[in-house]
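*Asks:* Keeping their order, the protein sequence lines are chains A and B. So in our numbering, the last one in the first sequence is 1070, and the numbering has no gaps at all. So in our numbering, the last one in the second sequence is 1070, and the numbering has no gaps at all.
2 protein chains.
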Amino acid sequence: MDRRQIKTRKAILRAFRALLEKKRYDHITVQEIIDGADVGRSTFYTHFETKDLLLDALCGDMFHHIFEDDPCPWVGRDDELEGKLAHILWHIRDSRSDLSGILLSDSSELFMTYFKAHLRGVFEEYIALFGEAVPRDFLLNHLTGSFAEAVLWWLREGMTLSPEAVAGYFMKITGKR
Amino acid sequence: MDRRQIKTRKAILRAFRALLEKKRYDHITVQEIIDGADVGRSTFYTHFETKDLLLDALCGDMFHHIFEDDPCPWVGRDDELEGKLAHILWHIRDSRSDLSGILLSDSSELFMTYFKAHLRGVFEEYIALFGEAVPRDFLLNHLTGSFAEAVLWWLREGMTLSPEAVAGYFMKITGKR
DNA sequence: ACGATACAGAACACTTTGTTCGTTTTTATT
DNA sequence: AATAAAAACGAACAAAGTGTTCTGTATCGT
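1) Where in the segment 971 to 1021 of chain A do unbroken runs of the alpha helix (DSSP H), each at least 4 residues long, occur, reported from the N-terminal end onward?
2) Taking 6 angstroms as the limit between beta carbons, can you name the residues of its chain near Thr1053 of chain A, skipping five residues before and five after?
3) For Gly1051 of chain A, decide whether its Cβ has a neighbour in chain B, counting only Cβ atoms nearer than 9 angstroms.
4) Excluding the 5 residues flanking Phe960 of chain A on each side, which residues of the same chain have their C-beta closer than 6 angstroms to its C-beta?
5) Can the beta-carbon of Val1015 of chain B be found less than 9 angstroms from the beta-carbon of Leu978 of chain B?
6) Tell me, please, whether the CB atom of Met1005 of chain A is closer than 9 angstroms to any CB atom in chain B?
7) Between the C-alpha atoms of Ile921 of chain A and Ser1000 of chain A, what's the straight-line distance to the nearest angstrom?
8) By the 10 Å Cβ neighbour count, where 16 or more other Cβ atoms means buried, how is Leu946 of chain A classified, buried or exposed?
9) Please list, in chain order, the residues of the segment 906 to 928 of chain A that have any C-beta partner in chain B closer than 8 angstroms.
10) Taking C-beta to C-beta, are Ile981 of chain A and His940 of chain A nearer than 9 angstroms?
11) Using a Cβ-Cβ cut-off of 8 angstroms (strictly less than) and excluding sequence neighbours within five positions of Phe1040 of chain B, which residues of its own chain qualify?
12) What did DSSP end up calling Asp895 of chain B once you bin it into helix, strand or coil?
13) Once the 5 residues before and after Ile926 of chain B are set aside, which same chain residues still bring their CB inside 6 angstroms of it?
14) So, with DSSP's three-state summary, where would you put Arg917 of chain A?
15) Distance, Cα to Cα, Leu1003 of chain A vs Glu1025 of chain A?
16) Let me check understanding here. Comparing Cα to Cα, which of B:Ala1043, B:Leu1048 and B:Val968 lies closest to Ile995 of chain B?
17) Given this structure, state the Cα-to-Cα distance separating Lys903 of chain A from Lys915 of chain A, to the nearest angstrom.
18) Indicate whether at least one CB of chain A lies closer than 9 angstroms to the CB of Leu1032 of chain B.
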């Protein structure tokens, strides 16, 4: 791939993210993005058909590496899920992509949708741990939703607690352990 | 208040809600709203300064009567909270304002924010029921968030379950009872 | 050094926004 | 029923944003 393409693509995404931390998604204009990225108008539209697709691309970039399956030392342990959750939190805190800024922005709901979609995959593996007192889909929905909320709470608190502590709280509150 | 004002205000809100069920909030234009409401352009702007304030007004209308404190037969009983939650669900299902359509729309995240804000008030009263194993704010956040998610799940399922059943599931899943 | 291609920048037709203002209709009151 | 006040209409407006097309220039991979 051409270096120029990569450079401008990154510049656009960076400018977009900077704007997202300042104002709401639907108040951001293409003009502001290309001004921030210092990129021509036509160039923007060759890279991204619409602003919505730009958002998709940003979410892809941000969440992909967090949910990559990397070597996991918790496999087989009885706190395997808790370990994985802590791992996700750890990634968010130390991520170069500065996820926390985006998740705390006025457009956070937008990103929560993507976040939950990824989380669902994680919890699907461990659904059996939580019994069968309620419908499977209800439970899955509950776990992903409430973990995402917990993460947001943690970010709002300034991430003073350790990832392990938050994961522990979450497991406790959902009745496991 | 002038009848005309009430009439046009209602017409605008109705048109807005009809549009929200079809397309996303930030894709809706003022032009579409006033066409749907059959109202002059200047009239719209005398009623609502911006589209965001129109949204605020809509949320106010929709959620207000649900969280009104009306005669509550569960006071003092040990399933008082469960009763109140069922009551809320009952309201949503039978509401004339057709909340379900809005909460299932592409802009549902927007309304969830308002919904949660109101729910927080409900849970604040009963926070003591859930122990002190985790920080109060964490817990409050968890309860409001996950109940809102449960409601959304219920709506998506077509409200086949009874309000009492959903409230029961929720209490079970949060560890109470 | 070469052709290919990505970019800049300007111009464009078009849509949307929010405001203004004179006119017409409806309302509450007498 | 007559009247003054209030509200809605509708046209026109500048300003801003959208998405496309074009030409010339700079940069890339080979």
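Ideal Cβ positions, reconstructed from N, Cα and C, are used throughout, including at glycine.
*Replies:* Let's see:
1) Fully enclosed alpha helix (DSSP H) runs of 4 or longer: 973 to 987, 992 to 996 and 1001 to 1019.
2) Taking the first residue of the first sequence as position 1, residue 1053 of chain A is located at position 160. Around Thr1053 of chain A, the same chain offers no residue with a beta carbon nearer than 6 angstroms, after the five sequence neighbours per side are excluded.
3) Numbered from 1 along the first sequence, position 158 holds the residue referred to as residue 1051 of chain A. Gly1051 of chain A has a beta carbon lying at 9 angstroms or more from every beta carbon in chain B.
4) Residue 960 of chain A sits at position 67 when you count from the first residue of the first sequence. So the qualifying residues of the chain are His1011.
5) Against the second sequence, residue 1015 of chain B aligns to sequence position 122. Against the second sequence, residue 978 of chain B aligns to sequence position 85. Between Val1015 of chain B and Leu978 of chain B, the C-beta gap is smaller than 9 angstroms, which places the two residues in contact.
6) Residue 1005 of chain A sits at position 112 when you count from the first residue of the first sequence. So, interface residue.
7) As a first step, residue 921 of chain A must be located in the first sequence, where it is residue number 28. As a first step, residue 1000 of chain A must be located in the first sequence, where it is residue number 107. Spanning the two alpha carbons is a distance of roughly 11 angstroms.
8) Your numbering for residue 946 of chain A matches position 53 in the first sequence. Per the 10 Å Cβ criterion, exposed.
9) Within the segment 906 to 928 of chain A, the residues whose Cβ lies closer than 8 angstroms to some Cβ of chain B are Tyr918 and Asp919, listed in chain order.
10) Here residue 981 of chain A is taken as the residue at index 88 of the first sequence, counted from 1. Here residue 940 of chain A is taken as the residue at index 47 of the first sequence, counted from 1. No, they are not a contact pair.
11) Your numbering for residue 1040 of chain B matches position 147 in the second sequence. Excluding residues within five positions, the ones whose Cβ falls inside 8 angstroms are Leu978, Leu1012, Phe1016 and Phe1063.
12) Counted from its first residue, the second sequence places residue 895 of chain B at position 2. It is coil, neither helix nor strand.
13) Residue mapping note: residue 926 of chain B aligns to position 33 of the second sequence, counting from 1. Once the five neighbours on either side are set aside, the close Cβ partners of Ile926 of chain B are Ala908 and Phe909.
14) What you label residue 917 of chain A is simply residue 24 of the first sequence in a count that begins at 1. Residue state, collapsed to three classes: coil.
15) In the first sequence, the residue the question calls residue 1003 of chain A occupies position 110. In the first sequence, the residue the question calls residue 1025 of chain A occupies position 132. So the two alpha carbons sit approximately 31 angstroms from each other.
16) Within the second sequence, numbered from 1, the residue matching residue 995 of chain B stands at position 102. Ile995 of chain B has its Cα closest to that of B:Leu1048, out of B:Ala1043, B:Leu1048 and B:Val968.
17) Walking along the first sequence from the start, residue 903 of chain A turns up at place 10. Walking along the first sequence from the start, residue 915 of chain A turns up at place 22. For Lys903 of chain A and Lys915 of chain A, the distance between alpha carbons rounds to 19 angstroms.
18) As a working mapping, residue 1032 of chain B is identified with position 139 in the second sequence. Output row for Leu1032 of chain B: interface = yes.
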